[in-house]
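Please read the structure below before turning to the comments.
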Amino acid sequence: MLTELFAMRRQLGWAGSNLNQVARALNSGGDVPHLKEVLADIPRAANAVKKAADRVTNGQEQEGAAA
3 MLTELFAMRR QLGWAGSNLN QVARALNSGG DVPHLKEVLA DIPRAANAVK
53 KAADRVTNGQ EQEGAAA
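Heads up: the sequence shown begins at 3 in the numbering used here, then just goes up one per residue.
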């Protein structure tokens, strides 16, 4: 499970990095041909992290109930 969380964290980092590159390009008057794809990556990555974190939390709650 931790491996999955770290992978999701990396994915979210990449999405954030791409978003920063988009902002830099737009602020310098450049064009961003794949803007929709970059913007779509942000909620997709955040949702994947949330799902993985929910699975970890649910697993901890179930372990606590069994103890």
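Quick reminder that beta carbons are idealized off the backbone N, C-alpha and C, glycines included. Quick caveat: nothing in here was measured; it's all calculated off a predicted structure.
Quiz item: How would you write the range of the alpha helix (DSSP H) that Val24 sits in, first residue to last?
Solution: As a working mapping, residue 24 is identified with position 22 in the sequence shown. According to the DSSP assignment, Val24 belongs to the alpha helix (DSSP H) that extends over Leu4 to Asn29.
Quiz item: Hey, how far is the Cα of Lys52 from the Cα of Asp43?
Solution: Residue numbering aside, residue 52 sits at position 50 when the sequence shown is read from its first letter. Residue numbering aside, residue 43 sits at position 41 when the sequence shown is read from its first letter. Lys52 and Asp43 have their alpha carbons spaced roughly 14 angstroms apart.
Self-check item: Cβ neighbour criterion (16 or more within 10 Å) applied to Met3
Solution: By 1-based counting over the sequence shown, the position of residue 3 is 1. By the neighbour-count rule (16 or more Cβ atoms within 10 Å), Met3 is not buried but exposed.
Quiz item: Expressed to the nearest angstrom, what Euclidean distance is found between the alpha-carbon atoms of Ala27 and Arg46?
Solution: Here residue 27 corresponds to residue number 25 of the sequence shown, with the count starting at 1. Here residue 46 corresponds to residue number 44 of the sequence shown, with the count starting at 1. C-alpha separation (whole angstroms): 22 angstroms.
Quiz prompt | Assigned secondary structure, Gly32 (DSSP; H/G/I helix, E/B strand, else coil) | solution = Working through the sequence shown from its first residue, we reach residue 32 at position 30. Looking at Gly32 - three-state DSSP - the assignment turns out to be coil, as it is neither helix nor strand.
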